[in-house]
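Below is one structure; the comments refer to it alone.
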Amino acid sequence: MPHIGYQWLANTYGVVPVHPFAVQSEIGRTRSSATDGDISREVYPAAYRPVSSLTDHLTFAFRHEGIHLEFLARLFALKSVRGELEAWIAREPTGAYARRACFFYEWLRPERLDAQGASRGNYVDALNPDEFVVGTTVNNSRWRVRDNLPGNRDFCPVIRRAESVRRAETYDLASPLAELEADYGVDLIMRSAVWLTVKESRASFLIEHEQDKEDRIRRFAAVMESECGRHANPFDAETLVALQRGILGESALRYGIRRSPVYVGHVARYEPVVDYIAPHWQQVEAMLAGLGQFLQRTQGAAPIVRAAAASFGFVYVHPMADGNGRISRFLINDVLRRDGAVPAPIILPVSATITQSTRDRAAYDKVLERFSRPLMKHYADQYTFGKTETADDGVEFNLHFRAYDDALPAWRYPDLTAHVSYLANVIDVTLRHEMRNEARFLHANDTARRAIKNFLEAPDNDLDSIIRSVRQNGNSISNSLRKRYPLLDERPNLAAQIVNAITEAFAEENIP
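Quick note on my numbering: the sequence shown kicks off at 2 and runs consecutively.
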């Protein structure tokens with residue numbers, strides 16, 4: 002069946018985007034819709050077939066398929082298309098679709114069209130807010146278009162308001178937090194926040210296979226506790242360097258915004274495998290400014306949406322010499338804190354949820370691959386390992402990528418729809434399971450302490466050591482514990498009383 006809309010334009014003009022079209026339309030016998038993963042396949046009867054021209058197929062795409070910024074950036078880079086747009090607006094100076102096309106051309110391109118602009122016509126939205134997450138509106142008087150894009154030319158995530166995104170937008174973080182407070186009390190939740198901050202730090206390092214570096218874990222936890230929500234713009238270069246130094250300490254090899262190529266990969270059969278190549282270092286500062294613009298233009302929007310775009314957008318830009326993964330996960334709590342969605346001092350241990358099981362870790366990798374896999378497939382023949390060179394920041398590299406300019410529209414305009422859905426699910430699991438489990442554990446530990454104090458006087462630190470030892474030893478008194486506390490052998494039945502108090506307290510909370 003013949004394609005129409007964006008796919009017709011792609012076939013006709015030879016423009017192939019990295020990100021697939023979310024809506025793919027074609028002509029068939031009867032009207033029908035089908036979904037294949039994230040792709041909506043729409044079939045229209047022959048009466049819908051546009052005339053074989055850029056203007057008619059672009060109009061159809063705008064009307065029925067939404068806005069695909071990466072594709073438009075690539076299409077509008079063609080010299081012939083500029084002339085067609087200028088002719089279109091000359092024919093239809095008040096046409097809503099012609100004006101939107103011209104607006105997007107000048108928004109995406111550094112040069113202006115050779116056209117007068119629009120002096121009449123009602124203002125129209127650049128993005129349909131029913132279909133996309135949008136930013137605050139700035140009227141573009143030249144084309145009489147309401148610029149509601151959530152970023153700028155250098156970085157603007159595309160987030161389609163799919164059903165899962167709409168659920169994320171309306172997710173009430175306060176409700177499960179209030180339930181925890183009602184069930185366990187403010188004091189216990191505040192106490193658990195301290196441990197959860199360390200737990201989040203430890204789990205964040207686990208993602209990067211560095212979970213045994215206890216000093217680094219504590220350092221990251223301190224940054225999480227003291228810096229979340231404190232900075233006007235977390236993407237400011239000085240702020241990022243300060244966060245990086247706090248996380249890495251003073252003995253790291255390199256700090257600051259990178260000035261060298263970077264890729265993420267692994268080794269298979271002793272050979273390097275490239276999983277992702279980040280943008281050229283000369284684009285990094287502009288893209289960080291775009292991320293800052295995103296936070297500014299989406300103020301008041303759903304916190305989970307903002308947190309997902311900030312975190313995953315940052316990790317795809319990969320701007321730092323080191324610490325990108327940890328900063329990206331810091332940004333989740335940073336945005337939630339600055340938006341008032343999670344009150345201080347609570348830190349959501351989202352990394353703990355991500356690393357909870359092999360399946361959970363695989364889900365995190367899978368959502369990252371939503372962007373990285375198509376990018377690497379598209380440019381599979383555009384990179385090689387060759388001559389070792391030294392970059393401006395002293396980094397030696399031998400990966401040479403030949404398509405930095407061609408890949409730029411893909412990096413600038415990532416579709417983060419799936420990332421929002423993923424983070425919303427992680428946050429829900431974190432609040433309803435991870436944090437509740439921690440509260441249950443602390444409550445059981447407190448209950449065990451109180452029960453033991455009925456027949457044994459001891460400081461809380463010693464009681465916690467005894468409780469931990471008994472649980473780790475299969476609910477029995479270990480020989481090392483008896484050596485440490487001789488009273489366990491001197492007083493008949495004391496050991497049995499302690500074990501019984503501990504097992505009952507934890508059984509009450511259904512903690513094995």
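Backbone N, C-alpha and C fix where the C-beta goes; we use that ideal spot for every residue, glycine too.
Since we're looking at a predicted model, the values are computed, not measured.
With a cutoff of 8 angstroms on beta-carbon distance, residue 17 and residue 10 are scored as not near each other.
Runs of the alpha helix (DSSP H) spanning 4 or more residues and lying entirely within the stretch 97-121 occur at 97-109, in chain order. Counting only unbroken stretches of 4 or more residues, the alpha helix (DSSP H) elements lying wholly within the stretch 155-186 are 164-170 and 175-185, in sequence order. CA-to-CA, the gap between residue 59 and residue 242 works out to about 43 angstroms.
Secondary structure note for residue 405: its alpha helix (DSSP H) is the uninterrupted segment 405-413. Here residue 8 is buried, its C-beta having at least 16 other C-beta atoms within 10 Å. Contact annotation: the stretch 289-302 touches the stretch 149-165, with at least three C-beta pairs closer than 8 angstroms. Contact between residue 160 and residue 482 fails: their C-beta atoms lie close to 54 angstroms from each other, not under 8 angstroms.
A direct Cα-to-Cα measurement between residue 22 and residue 129 gives close to 17 angstroms. When Cβ pairs closer than 8 angstroms are counted between the two stretches, the stretch 323-331 is seen not to touch the stretch 369-382, the count staying below three. Contact between the stretch 105-119 and the stretch 440-459 is absent: fewer than 3 CB-CB pairs across the two stretches fall below 8 angstroms. In the displayed model, residue 188 falls within a helix according to three-state DSSP. The C-alpha of residue 229 lies about 32 angstroms from the C-alpha of residue 510. In the three-state scheme derived from DSSP, where H, G and I count as helix and E and B as strand, residue 501 is classed as helix. In the three-state scheme derived from DSSP, where H, G and I count as helix and E and B as strand, residue 297 is classed as helix.
Scanning the stretch 45-107 from its first residue to its last, the whole alpha helix (DSSP H) runs of 4-plus residues come out as 55-65, 70-77 and 80-92.
8 angstroms or more divides the Cβ of residue 246 from the Cβ of residue 322.
The count of Cβ pairs closer than 8 angstroms, one atom from the stretch 297-317 and one from the stretch 124-140, reaches three, so the stretches are in contact. Nearest to residue 281 by alpha-carbon distance, out of 46, 47 and 408, is 408. When the Cα atoms are used, residue 477 and residue 471 turn out to be separated by approximately 5 angstroms. Per DSSP, reduced to three states, the secondary structure at residue 438 is helical. Cβ-Cβ distances below 6 angstroms link residue 98 to 60 and 63 in the same chain, with the five nearest sequence neighbours on each side left out; the list follows chain order. Contact check for residue 104 against residue 141 passes: the beta carbons are separated by less than 8 angstroms. Note on geometry: alpha-carbon atoms of residue 32 and residue 46 lie some 6 angstroms from one another. For residue 191, the number of other beta carbons within 10 angstroms of its own is below 16, and it is reported as exposed. Under the three-state reduction of DSSP, residue 460 is assigned to coil, being neither helix nor strand. The DSSP-derived three-state label of residue 25 is strand. Residue 427 holds the alpha-carbon nearest to the alpha-carbon of residue 365 among 28, 427 and 386. Contact between residue 277 and residue 268 does not hold, since their C-beta atoms are separated by about 15 angstroms, which reaches or exceeds 8 angstroms.
Nearest to residue 444 by C-alpha distance, out of 465, 377 and 307, is 465.
Distance check between residue 385 and each of 188, 404 and 433 places 404 closest, using alpha-carbon atoms only.
For residue 246, no beta strand (DSSP E) segment is defined; the enclosing uninterrupted segment is the alpha helix (DSSP H) at 238-249. Here residue 228 is not bridged, per DSSP, to any residue. Cα atoms of residue 50 and residue 44: separation of roughly 11 angstroms, rounded to the nearest angstrom. Contact annotation: residue 67 and residue 19 have beta-carbon atoms that are not nearer than 8 angstroms.
With respect to the 8 angstroms criterion, residue 39 and residue 419 are classified as neighbours on the basis of their beta carbons.
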